[in-house]
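**Q** Protein sequence lines correspond, in order, to chains A and B.
For the first sequence, my numbering assigns the number 1 to the initial residue and increments by one for each residue that follows.
For the second sequence, my numbering assigns the number 344 to the initial residue and increments by one for each residue that follows.
Glycine included, each C-beta is placed from N, C-alpha and C at the ideal position.
The structure follows.
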Amino acid sequence: MSLSLADTLAGIILVALTGYVLLGGADFGGGVWDLLASGPRRARQRDLIARAIGPVWEANHVWLILAVVLLFTCFPSAFARLGIALHVPLTLVLIGIVLRGSAFTFRSYGGEREAEAYWGRIFAVASLVTPVLLGVAVGAVASGAVREQGAGSGERFYEAYVAPWLTPFAFAVGLFALACFAFLAAVYLTLEARDRELQEDFRLRAIGAGILVFVAAALGLALSQQAPLVGRGLLASPWAVVLHVLTGCAALTAFWALWTRRYRVARVAAATQVVLILWGWGLAQYPYLLPPNLTIAAAAAPRVTLELALGAVVVGAIVLFPSLYYLLRVFKRPSSAPPTTLG
Amino acid sequence: MSDLLAARSQMAVSLAFHIVFAVIGIAMPVLMVIAERRWQRTRDPIYLELAKRWARGTAILFAVGAVSGTVLSFELGLLWPRFMEVAGPIIGMPFSLEGFAFFTEAIFLGIYLYGWEKVSPRAHLFAGVLVAVSGAASGIFVVIANAWMNTPTGFTLVDGRFAEIDPIAAMLNPAAFPQALHMTLAAYAATGFGVAGIHAFMLLKERTSAFHRHALAIGLLVGAPAAVLQPLAGDIAARHVARHQPVKLAAMEALYETRAGAPLKIVPGIEIPSALSLLAFHDPRAVVKGLDAVPREEWPNVPLVHLSFRVMVALGTYLALVALWAGWLAWLKRDLTVQRRFLWAVAVATPCGFIATEAGWMATELGRQPWVIVGVLKTADAVTPMPGLIVPFAAFTLLYCALGVIVGWLLYRQIVRSPGHT
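Below, the structure written as structure tokens:
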């Protein structure tokens, strides 16, 4: 297949989403582990999570905004369809994002212990619910349910605005997203932890979440007759075998590395695994942006817009990547106390 | 409540909420950088305390601004899918650039807030400068997109559809410069006077507090020049509106009939002859278009637009006068912080810039109705077909009211209270 300009921009949007999942997703996962903090080191676990998220979560969040902005610039009709058909879950996602972000900030700057616990609870619950709803939205897209809703076609509210996403498959994807985010967060936190005990806590959590990723993936595949196009792509297309083998290798490597406490390897393997899954979804849908009938080419904005958007992305990336590298270097670089983190 | 009204109200609430955070997010980093620079030069610990407090304030406000801005970017599609479908390819450009500016801001704010001990003092200050610059840039990009809705350019209409689109020409639309200038100055004036006013009030109670004196001085340094320049920017904007958006001007001035030598209505019953013509076209005999130039169904809500505009002008004038007073006292080399009448005037100014900003946005947004893209697309044709929009409207209103109260309380605790109380 040859890549058109529109394909390239769709790919860039998927890159932005990948950035959001790998970085922003892990921040949500951190919130999940805040909610599930337990045992004698509960307070220290929460403290570690807050320190890991604090400096970076806002920058990590911007990946989502970038994806949205590029989507409405380059594929406006797809954006309009999504806004109509997935109004309900996306509105809930937004409320989750608002509550998560503000509660985290209020907790950091609130001052009083009681208030801190209260904001911490809101932050944690929002971190649990939002990924599920994001996954539900992705699941609805993958299942081909986002069509031309409500255009005077006389559909009832439930059929037009609820049925597309209130499906077992969409919720399986939601669970899968949550498991992936929690898995990534736990793996990253093994490297953020400054002492062995905390490291062990998050190692066990990472292994648990990794198993949940498998369970949710199996559930999604079992229900994939509800997403015929993506299901076919993931099961039957020629590249599917390669993709599955690679994803499986990454997953096994992640487990092996966690088991043998090679945390840097685990981080790379876990991130690779999640990236392969995301890109597998993208490939399975190709050339459709919104299955079953809206292709990337059909949804694309005029050529001049795509060219300018690509130019903006290139210029933006020149500013962005050195800055991002600097940010991560300042806050994620090895500290004096072992065990340490990778750059 | 109709679905259209619910959608418009939700958008209005979201924007009115976000704009306060956006405005402070643009100007607060300037205050914090000035304080840090003064600390580096004088080693006066009060400046460090101020820089840290304003950084904490920026952190709280930026976080809420970031998430409420995310809400807006989604709401464009959730509430106005038909608008985004046609406008996305044309005005996506400034939004994309805004995305990157915002990214830069978030990255360097992270470094500024958490990097006091991790980067060199020079790098730290520079990170603050980048936060201020990228904050202003992202504001300007968003205003450019809004300006396009007022004066759409960069396309030809073929059978009601856009053709031959030119996103660069759209970015350079006629309203872009006057609106961006007016809004950026508003951010500095509102925030500068907001900060100065609070500390002026504290100085009235604690007369000798060096902390509040320093804070007042920096607040005025940012707010006063912007407030003095704002009437000039306002004049540029008004003359632009008179030429390019005559219906909006007519609504702002409640001018129902087209006439030469149009008078300026100050309050009901008091008019200055020919003054509107003079202000709008710099010619007392100029013809100013009235609302009668367009059919009744294309009128905005005239009383509301007129009132909002009046409120903005009145408060902006007040800020400019207080700023001139400050300049006068400074020129006489008087100590501003012991002039009780002046301090009262500044204290009264605390909310004025924010109210003026909100009122100005009400004037320009309501004044554009019934159009979402003037002359091209009506707001009613842009709204989502999904029914029941009163539910998300109510949800976001409640959410934002709660957040507003909490943020206000936190800011009081974190910034305003004199050192020693925390």
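Leu662 (chain B) and Phe312 (chain B) - do their beta-carbons sit closer together than 8 Å?
**A** No answer is possible for residue 312 (chain B): it lies beyond the span of chain B, which begins at 344 and ends at 765.
**Q** One question on the structure: do Val665 (chain B) and Val645 (chain B) come within less than 8 Å of each other, judged by their Cβ atoms?
**A** Taking the first residue of the second sequence as position 1, residue 665 (chain B) is located at position 322. Taking the first residue of the second sequence as position 1, residue 645 (chain B) is located at position 302. No, the pair does not count as a contact, with Cβ atoms beyond the cut-off.
**Q** Can Val462 (chain B) and Pro372 (chain B) be called in contact, C-beta distance under 8 Å?
**A** The residue labelled residue 462 (chain B) in the question sits at position 119 within the second sequence. The residue labelled residue 372 (chain B) in the question sits at position 29 within the second sequence. Against a cut-off of 8 Å, the Cβ pair of Pro372 (chain B) and Val462 (chain B) comes out as no contact.
**Q** Determine whether the Cβ of Arg425 (chain B) lies closer than 8 Å to any Cβ atom of chain E.
**A** Any reference to chain E falls outside this structure, whose protein chains are A and B.
**Q** Using the rule of at least 16 other Cβ atoms within 10 Å of the residue's Cβ for burial, across every protein chain shown, is Gln757 (chain B) buried or exposed?
**A** If you number the second sequence from 1, residue 757 (chain B) lands on position 414. Buried, by the Cβ-count rule.
**Q** Apart from the five residues just before and just after Pro437 (chain B), which ones in its own chain have a Cβ nearer than 6 Å to its Cβ?
**A** Taking the first residue of the second sequence as position 1, residue 437 (chain B) is located at position 94. Contacts found: Phe484, Ile487, Ala488 and Met514.
**Q** To which residues does DSSP link Leu290 (chain A) through a beta bridge?
**A** As a working mapping, residue 290 (chain A) is identified with position 290 in the first sequence. Leu290 (chain A) is bridged to A:Leu294.
**Q** Excluding sequence positions up to five away, which residues of its chain have a Cβ less than 6 Å from the Cβ of Leu647 (chain B)?
**A** Locating residue 647 (chain B) in the second sequence gives position 304, counting from the first residue. Closer than 6 Å at the Cβ level, and outside the excluded window around Leu647 (chain B), lie Leu709.
**Q** From the DSSP output, in three-state form, read off Gly535 (chain B) for me.
**A** As a working mapping, residue 535 (chain B) is identified with position 192 in the second sequence. Three-state result, Gly535 (chain B): helix.
**Q** Provide the residue span of the beta strand (DSSP E) that contains Ala160 (chain A), from first to last.
**A** The residue labelled residue 160 (chain A) in the question sits at position 160 within the first sequence. Ala160 (chain A) -> no beta strand (DSSP E), and no H or E assigned at all.
**Q** Which residues of the region 449 to 473 of chain B have a Cβ closer than 8 Å to any Cβ of chain A? Give them in chain order.
**A** Under the 8 Å Cβ criterion, the region 449 to 473 of chain B contributes Ala449, Ile450, Phe451, Leu452, Gly453, Ile454, Leu456, Tyr457, Gly458, Lys461 and Val462.
**Q** Give a yes or no on whether the minimum CB-CB distance between Phe169 (chain A) and chain B is below 8 Å.
**A** The count along the first sequence starts at 1 and reaches residue 169 (chain A) at position 169. It does not; no Cβ of chain B falls within 8 Å.
**Q** Determine, for Ala409 (chain B), whether the minimum Cβ-Cβ distance to residues of chain A falls below 8 Å.
**A** Looking up residue 409 (chain B) in the second sequence gives position 66. True, the Cβ-Cβ gap to chain A drops below 8 Å.
**Q** On the premise that Ser477 (chain B) lies in contact with Val414 (chain B), defined as a C-beta separation below 8 Å, what is that separation, rounded to the nearest angstrom?
**A** Taking the first residue of the second sequence as position 1, residue 414 (chain B) is located at position 71. Taking the first residue of the second sequence as position 1, residue 477 (chain B) is located at position 134. Between Ser477 (chain B) and Val414 (chain B) the Cβ distance is about 21 Å, and since that is not below 8 Å, they are no contact.
**Q** Since Pro730 (chain B) meets chain A, which of its residues come closer than 8 Å, beta carbon to beta carbon?
**A** For the purposes of this step, residue 730 (chain B) is identified with residue 387 of the second sequence, where counting begins at 1. Neighbours of Pro730 (chain B) on chain A, chain order: Phe157.
**Q** Residues in its own chain within less than 7 Å of Ala16 (chain A) by CB, not counting five upstream and five downstream?
**A** Locating residue 16 (chain A) in the first sequence gives position 16, where the first residue counts as 1. Contacts found: Trp63, Leu66, Ala67 and Leu70.
**Q** Assuming Ala479 (chain B) and Thr527 (chain B) form a contact by the criterion Cβ under 8 Å, report the distance between their Cβ atoms to the nearest whole angstrom.
**A** To locate residue 479 (chain B), count along the second sequence from 1; it is residue 136. To locate residue 527 (chain B), count along the second sequence from 1; it is residue 184. Indeed, because the Cβ distance is near 6 Å, the residues count as touching under 8 Å.
**Q** Where do the N-terminal and C-terminal ends of the beta strand (DSSP E) with Glu614 (chain B) fall, by residue?
**A** Position 271 of the second sequence, counted from the first residue, corresponds to residue 614 (chain B). Its beta strand (DSSP E) spans residues Ile613 to Ile615.
**Q** Following the continuous alpha helix (DSSP H) through Trp379 (chain A), name the residue where it begins and the one where it ends.
**A** Shown here, chain A extends from 1 to 343; a query on residue 379 (chain A) therefore has no answer.
**Q** When you compare only the Cα positions, how much space is there between Ile749 (chain B) and Ile122 (chain A)?
**A** Here residue 749 (chain B) corresponds to residue number 406 of the second sequence, with the count starting at 1. Here residue 122 (chain A) corresponds to residue number 122 of the first sequence, with the count starting at 1. Their backbone Cα atoms lie some 14 Å apart in a straight line.
**Q** So which residues of chain B does Leu320 (chain A) contact, with C-beta pairs closer than 9 Å?
**A** To locate residue 320 (chain A), count along the first sequence from 1; it is residue 320. Within 9 Å Cβ-Cβ: Phe443, Phe446, Thr447 and Ile450.
**Q** In the structure shown, what three-state DSSP assignment does Trp397 (chain B) receive?
**A** Within the second sequence, numbered from 1, the residue matching residue 397 (chain B) stands at position 54. Trp397 (chain B) falls in the helix class under three-state DSSP.
**Q** What residues of chain B sit near Thr91 (chain A), judged by a beta carbon separation below 7 Å?
**A** What you label residue 91 (chain A) is simply residue 91 of the first sequence in a count that begins at 1. Ordered by position in chain B, the residues that pass the 7 Å Cβ test against Thr91 (chain A) are Leu421 and Pro735.
**Q** Compile a chain-ordered list of the residues in the region 379 to 409 of chain B whose CB is closer than 8 Å to at least one CB of chain A.
**A** The region 379 to 409 of chain B vs chain A, Cβ under 8 Å: Arg399, Ala402, Ile403, Phe405, Ala406, Val407 and Ala409.
**Q** Answer yes or no: does any C-beta atom of chain B fall closer than 8 Å to that of Gly280 (chain A)?
**A** Locating residue 280 (chain A) in the first sequence gives position 280, counting from the first residue. Cβ-Cβ to chain B under 8 Å: no for Gly280 (chain A).
**Q** Could you tell me the distance, in whole angstroms, from the CA atom of Phe183 (chain A) to the CA atom of Ala567 (chain B)?
**A** Along the first sequence, one-based indexing puts residue 183 (chain A) at 183. Along the second sequence, one-based indexing puts residue 567 (chain B) at 224. Approximately 52 Å between the Cα atoms of the pair.
**Q** Three-state secondary structure (DSSP) at Ala506 (chain B)?
**A** Translated into positions along the second sequence, residue 506 (chain B) becomes position 163. Reduced to three states, the DSSP call for Ala506 (chain B) is strand.
**Q** So, helix, strand or coil for Val215 (chain A), using DSSP?
**A** Sequence index remark: in the first sequence, residue 215 (chain A) carries index 215 (1-based). Correct three-state label for Val215 (chain A): helix.
**Q** Run the CB neighbour count on Met344 (chain B), radius 10 Å, all protein chains shown included, and call it buried at 16 or more, exposed below.
**A** For this step, residue 344 (chain B) is matched to residue 1 along the second sequence. Its Cβ having fewer than 16 others within 10 Å, Met344 (chain B) is exposed.
**Q** Beta-carbon within less than 6 Å of Gly368 (chain B)'s beta-carbon, same chain only, minus the 5 sequence neighbours each way: which residues are those?
**A** As a working note, residue 368 (chain B) is residue 25 in the second sequence. Correct list, in chain order: Leu404, Phe405, Gly408 and Gly478.
**Q** Leaving aside the five residues before and after Gln588 (chain B) along the sequence, list all residues of the same chain whose C-beta is less than 8 Å from its C-beta, in chain order.
**A** Taking the second sequence and counting its residues from 1, the one referred to as residue 588 (chain B) is at position 245. Asn493, Thr494, Ala518, Gly710, Arg711 and Val717.
**Q** I'd like to know if His764 (chain B) contacts chain A, where contact means its C-beta is closer than 8 Å to some C-beta of that chain.
**A** Translated into the one-based positions of the second sequence, residue 764 (chain B) becomes position 421. For His764 (chain B), the pLDDT reaches just 46, beneath the cut-off of 50, and the residue's location in the model is therefore unreliable, although a value from the coordinates is still provided. With 8 Å as the cut-off, His764 (chain B) does not count as an interface residue toward chain A.
**Q** Taking the continuous beta strand (DSSP E) assigned at Trp714 (chain B), which residues delimit it?
**A** Here the question's residue 714 (chain B) lines up with position 371 in the second sequence. Per DSSP, Trp714 (chain B) belongs to the beta strand (DSSP E) from Trp714 to Ile716.
**Q** Could you tell me whether the Cβ of Val356 (chain B) comes closer than 8 Å to any Cβ of chain A?
**A** For the purposes of this step, residue 356 (chain B) is taken as residue 13 along the second sequence, with counting starting at 1. False, the Cβ-Cβ gap to chain A never drops below 8 Å.
**Q** Measuring only between beta-carbons, confirm whether Thr73 (chain A) sits less than 8 Å from chain B.
**A** Here the question's residue 73 (chain A) lines up with position 73 in the first sequence. For Thr73 (chain A), the answer is yes, since a Cβ of chain B falls inside 8 Å of its Cβ.
**Q** Per DSSP, what are the beta-bridge partners of Arg602 (chain B) in this structure?
**A** Here residue 602 (chain B) is taken as the residue at index 259 of the second sequence, counted from 1. DSSP, once it has assigned bridges, lists B:Val631 as partnering Arg602 (chain B).
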